[in-house]
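Trainee: Chains A and B, in that order, give the protein sequences. For the first sequence, the tail end lands on 302 under our numbering, and the numbers increase by one without skipping. For the second sequence, the tail end lands on 276 under our numbering, and the numbers increase by one without skipping. First the structure, which I've put down as structure tokens, then a few questions once you've had a look.
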Amino acid sequence: MGTALPQAAAGPPRRFSLMAAGGRKPPVAAMKLPAVGLLLAWSLIPLFMTLWFSFRHFNLLDADRYFSGLENYKYLLTDDALVASVVNTLILVVSVLIVTVGLGTLLAVLLDQDFWGRGIARVLIIAPFFVMPTVSALVWKNLLMHPVNGLFGFLLRSVGLQAIDWFADYPLTAIIIMVAWQWLPFATLILLTSVQALDPERKEAARMDGAGPISMFFFIIIPHLARSIGVVIMIEMLFLLSIFAEIFVTTSGGPGNASTNLPFLIYRYALLDFDVGGASAGGVLAIVLANIVAMFLMRSLAKTIEA
Amino acid sequence: MNRTVRKKAITTAVAWLVALLIFFPIIWMGLASFKTEIEAVATPPRLFFSPTLENYRDVAFGRANYLHCAFNSIYVSFGSTALALLIAVPAAYAMAFFPTGRTKDMLLWMLSTKFMPAVGVLVPIYLIFRDTGLLDVRFGLLVVYTLVNLPIVVWMLFSFFKEVPPEILEAGRMDGAHARDEVLLLLLPLALPGIASTALLAIILSWNEAFWSLNLTGPAAAPLTYYIASFSSPEGLFWAKLSAASTLAIAPILVFGWLSQKQLVRGLTFGAVK
């Protein structure tokens, strides 16, 4: 392997003359086929099945199956849980975005400064992103937010306040805090990469012109970060729209529908009520929602690839 | 001079305070894993205690199948990553070095399949798996993870392959190298760091995936995400054991994540931020 490279590098002088003679072109189409074929099947077959099921009366507990037109959609749209779940989904997504992008920007600027132990501090801040969702859900629910034995309850009581039963009284807020903790590192890491790519001469020039740290932040750093912030928002949105495990292990969507989001509602239809038709109608709704977000993301990504 | 040192000291204090605050839940979990069950739920919380390895022993060799699930996690995350690389390397090579007018559209289309919310296709996948006997089968989950990560893997490999000077590969081809040798002997060694970080990202994503694992597996094929979720049952507070199991479950991925943090940005933003 080590000898192959220098040999190849010695090629250039005659390379161009041989180019016309033509090296064999590899079987390009065949090389792409497995990836393209598999993704085509993976993206189209389930999608069409979901669409098809959404127009059928189809319950796993009921042998009777038939075309039922828009029945499933009608049922879904008149289910109180749907409105609650869409609202919860939006609250969850928007709140987490505000917290992570806001704090992430500040953290990125902080980590861009020169200080002792920067590498280790950065590693500590990124860590929550690598914690699997079921672990962070149970650690937050039990060790931290449990009203009797959790640390937060103890801290509140020790300053004379009443402990909060987070997942019973403020389930959505508790989930937002937890999910924001998981996604803050993502925003920080990406914005930090972007801050570090800022041309130091621009900062120097602004400093020469007498810009203080605050105007530096608002007039140099924020405009520079604008595009990256856009990317962070859109990618986070795609993941946040499908938060599931965190709800599954903490509140199971409750109490009532207080912390049911769209993915959890669809899961409930499908695997708890065995209503394949209804779950598929919900699935179509989720796909439409995600695609609206994806459209914006694709448009800005299209500008960044050089193919 | 003195002022810059003071500024640096203040920044250091603030940054470390913030970092420790963010990392704190993980520290707290790690501490709890060395407590007895009684100490773990004690109020006020115990900061000083005589550490015990009891929980780790119970988790690893007790009746709950930690080792079984850990093996499942390794099987699905490493297996799906290997399979995804096998499928993606030829495709990314073809697209990076023999681009056509449609290559860019094809990349974008591949990526767009990533935007299909899993829950939107839960029902058909669940039914297909049930009818083909893949429910609660390790290999079934491996296939799902391969397909879920394939777009990101192709995308990242493509962007790393683009950085390899095509002249080197062309020279090899002129010397009569077959496409297979060209990829195996020239491209892969040159792009090895990029391939490694692509693999790390795919492993991390599969290891932590908790939608398909919770819905498509049961006792037989359950990976660690599922195993940990089983601690959410209300009977009994096994916080110390939960902490020990969690610590073991996240430790390898924390290391992988720290190793690949630089390249991670590129993978996670689909190359939009480098």
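We put the beta carbon where it would ideally sit given N, CA and C, even for glycine. The model shown is predicted, which means the values in this text are computed figures rather than measured ones.
(1) Would you tell me roughly how many angstroms separate the C-alpha atoms of residue 234/A and residue 121/A, rounded to the nearest one?
(2) Are the region 225 to 237 of chain B and the region 99 to 107 of chain B touching by the rule of at least three beta carbon pairs closer than 8 angstroms?
(3) For residue 165/B, is the classification buried or exposed, using 16 other Cβ atoms within 10 angstroms of its Cβ as the cut-off for buried?
(4) To the nearest angstrom, report how far apart residue 245/A and residue 75/A are at their CA atoms.
(5) Here's the rule: buried if 16 or more other CB atoms are within 10 angstroms of the residue's CB, otherwise exposed. What is residue 117/A?
(6) Mapping DSSP to helix, strand and coil, what is residue 59/A?
(7) Got a sec? Which residues, its chain only, sit under 6 angstroms from residue 189/A by beta carbon, not counting five neighbours each side?
(8) Taking any Cβ of chain A, which residues in the region 118 to 141 of chain B have a Cβ under 9 angstroms from it, in chain order?
(9) Between residue 138/A and the rest of its own chain, which residues show a CB-CB distance below 7 angstroms, the 5 nearest in sequence each way excluded?
(10) Where does residue 48/B sit, in a helix, a strand or coil, going by DSSP?
(11) Classify residue 160/B as helix, strand or coil using the three-state DSSP reduction.
(12) Rounded to whole angstroms, how far is the Cβ of residue 209/B from the Cβ of residue 127/A, which I believe are closer than 8 angstroms?
(13) The alpha helix (DSSP H) that contains residue 54/A, what's its start and end?
(14) Which of helix, strand or coil does DSSP assign to residue 183/B?
(15) Could you list the residues in the region 175 to 188 of chain A with a C-beta less than 8 angstroms from some C-beta on chain B, going in chain order?
(16) Which residue wins for smallest C-alpha separation from residue 79/A, given the options 33/A, 167/A, 175/A, 103/A?
(17) To the nearest angstrom, report how far apart residue 172/B and residue 103/A are at their CA atoms.
(18) For the region 40 to 50 of chain A against the region 125 to 137 of chain B, do three or more pairs of beta-carbon atoms, one drawn from each stretch, fall closer than 8 angstroms, so that the two count as touching?
(19) Taking C-beta pairs closer than 7 angstroms, name the residues in chain A that residue 43/B reaches, listed in chain order.
(20) Give the residues of chain B in contact with residue 198/A, contact being defined as C-beta atoms less than 7 angstroms apart.
(21) Can you name the residues of chain B whose CB is closer than 7 angstroms to the CB of residue 122/A?
(22) Going by beta carbon distance, what residues of the same chain come within less than 8 angstroms of residue 157/A, once the five residues before and after it are set aside?
(23) At the 9 angstroms Cβ level, is residue 110/A part of the contact set with chain B, yes or no?
(24) Given a cut-off of 9 angstroms, decide if residue 114/B and residue 303/A are closer than it, judged by their beta-carbon atoms.
(25) Helix, strand or coil for residue 164/A, going by three-state DSSP, please let me know.
(26) Which chain B residues are close to residue 137/A, counting only those with a beta carbon under 8 angstroms from its beta carbon?
(27) Listed from N- to C-terminal order along the chain, which residues in the region 255 to 276 of chain A have their beta-carbon within a distance smaller than 8 angstroms of any beta-carbon of chain B?
(28) Should the region 147 to 165 of chain B be called in touch with the region 185 to 196 of chain B, which here means at least 3 C-beta pairs below 8 angstroms?
(29) Pick out whichever of 84/A, 61/A, 58/A, 49/A has its Cα sitting closest to the Cα of residue 68/A.
(30) Under the three-state reduction of DSSP, which class applies to residue 270/A: helix, strand or coil?
(31) If contact means a Cβ-Cβ distance below 7 angstroms, which residues of the region 228 to 244 of chain A contact chain B?
(32) Express the C-alpha separation of residue 181/A and residue 90/A in angstroms, rounding to a whole number.
(33) Contact criterion: CB-CB distance below 9 angstroms. Does residue 67/A meet it with respect to chain B?
(34) At the level of alpha carbons, what is the spacing between residue 175/A and residue 281/A?
(35) In chain order, what residues of the same chain have a beta carbon less than 7 angstroms from the beta carbon of residue 253/A, not counting five sequence neighbours either side?
(36) Compare the C-beta of residue 54/A against all C-beta atoms of chain B and say whether one is closer than 9 angstroms.
Mentor: A quick look at the data gives this:
(1) Numbered from its first residue, the first sequence carries residue 234/A at position 239. Numbered from its first residue, the first sequence carries residue 121/A at position 126. The alpha-carbon of residue 234/A is positioned some 17 angstroms away from that of residue 121/A.
(2) no
(3) Position 163 of the second sequence holds residue 165/B. That one is exposed.
(4) Here residue 245/A refers to the residue found at position 250 of the first sequence. Here residue 75/A refers to the residue found at position 80 of the first sequence. Each residue's alpha carbon lies about 22 angstroms from the other.
(5) By 1-based counting over the first sequence, the position of residue 117/A is 122. Buried, since its Cβ has 16 or more Cβ neighbours within 10 Å.
(6) For the purposes of this step, residue 59/A is identified with residue 64 of the first sequence, where counting begins at 1. It is a strand residue.
(7) Position 194 of the first sequence, counting from 1, holds the residue named residue 189/A. Once the five neighbours on either side are set aside, the close Cβ partners of residue 189/A are 220, 223.
(8) Of all residues in the region 118 to 141 of chain B, only 118, 119, 120, 121, 122, 123, 124, 125, 126, 127, 128, 129, 130 come within less than 9 angstroms of chain A when Cβ atoms are compared, listed by chain position.
(9) As a first step, residue 138/A is located in the first sequence; it is residue number 143 there, counting from the start. Once the five neighbours on either side are set aside, the close Cβ partners of residue 138/A are 145, 146.
(10) Residue 48/B sits at position 46 when you count from the first residue of the second sequence. Here residue 48/B sits in coil by DSSP.
(11) As a first step, residue 160/B is located in the second sequence; it is residue number 158 there, counting from the start. Residue state, collapsed to three classes: helix.
(12) Within the second sequence, the letter at position 207 stands for residue 209/B. Within the first sequence, the letter at position 132 stands for residue 127/A. Confirmed, about 7 angstroms.
(13) For this step, residue 54/A is matched to residue 59 along the first sequence. Note, residue 54/A: premise wrong, no alpha helix (DSSP H); beta strand (DSSP E) at 51 to 54.
(14) As a working note, residue 183/B is residue 181 in the second sequence. DSSP places residue 183/B in helix when its eight states are reduced to three.
(15) 176, 179, 180, 181, 184, 185, 188
(16) By one-based count along the first sequence, residue 79/A stands at place 84. For residue 79/A, the nearest C-alpha among the options comes from 167/A.
(17) Position 170 of the second sequence, counting from 1, holds the residue named residue 172/B. Position 108 of the first sequence, counting from 1, holds the residue named residue 103/A. Approximately 42 angstroms between the Cα atoms of the pair.
(18) Because the criterion of three Cβ pairs below 8 angstroms is met, the region 40 to 50 of chain A and the region 125 to 137 of chain B touch.
(19) Mapped onto the second sequence, residue 43/B falls at position 41. Going along chain A in sequence order, the residues near residue 43/B (Cβ under 7 angstroms) are 144.
(20) One-based indexing of the first sequence puts residue 198/A at position 203. Simply none; closest approach about 16 angstroms.
(21) Counting from 1 along the first sequence, the entry for residue 122/A is found at position 127. Those within 7 angstroms of residue 122/A in chain B are 25, 28, 256.
(22) The residue labelled residue 157/A in the question sits at position 162 within the first sequence. Same-chain partners within the cutoff: 151.
(23) Residue mapping note: residue 110/A aligns to position 115 of the first sequence, counting from 1. Closer than 9 angstroms: yes.
(24) No answer is possible for residue 303/A: the residues shown for chain A start at -4 and end at 302.
(25) Position 169 of the first sequence holds residue 164/A. Of the three classes helix, strand and coil, the one that applies to residue 164/A here is helix, per DSSP.
(26) As a first step, residue 137/A is located in the first sequence; it is residue number 142 there, counting from the start. Simply 239, 241, 244.
(27) 257, 258, 261, 262, 265, 266, 271, 274, 275
(28) A contact is defined here as three or more CB-CB pairs under 8 angstroms, and the region 147 to 165 of chain B meets this definition with respect to the region 185 to 196 of chain B.
(29) To locate residue 68/A, count along the first sequence from 1; it is residue 73. Out of 84/A, 61/A, 58/A, 49/A, 49/A has the C-alpha closest to the C-alpha of residue 68/A.
(30) Locating residue 270/A in the first sequence gives position 275, counting from the first residue. Of the three classes helix, strand and coil, the one that applies to residue 270/A here is strand, per DSSP.
(31) 230, 233, 236, 237, 239, 240, 243, 244
(32) By one-based count along the first sequence, residue 90/A stands at place 95. By one-based count along the first sequence, residue 181/A stands at place 186. Rounded to the nearest whole angstrom, the CA to CA distance from residue 90/A to residue 181/A is 16 angstroms.
(33) Sequence index remark: in the first sequence, residue 67/A carries index 72 (1-based). So, not an interface residue.
(34) Position 180 of the first sequence, counting from 1, holds the residue named residue 175/A. Position 286 of the first sequence, counting from 1, holds the residue named residue 281/A. For the pair residue 175/A and residue 281/A, the Cα-to-Cα distance works out to about 22 angstroms.
(35) The count along the first sequence starts at 1 and reaches residue 253/A at position 258. Once the five neighbours on either side are set aside, the close Cβ partners of residue 253/A are 166, 167.
(36) In the first sequence, counting from the first residue as 1, residue 54/A sits at position 59. So no, residue 54/A is outside the interface.
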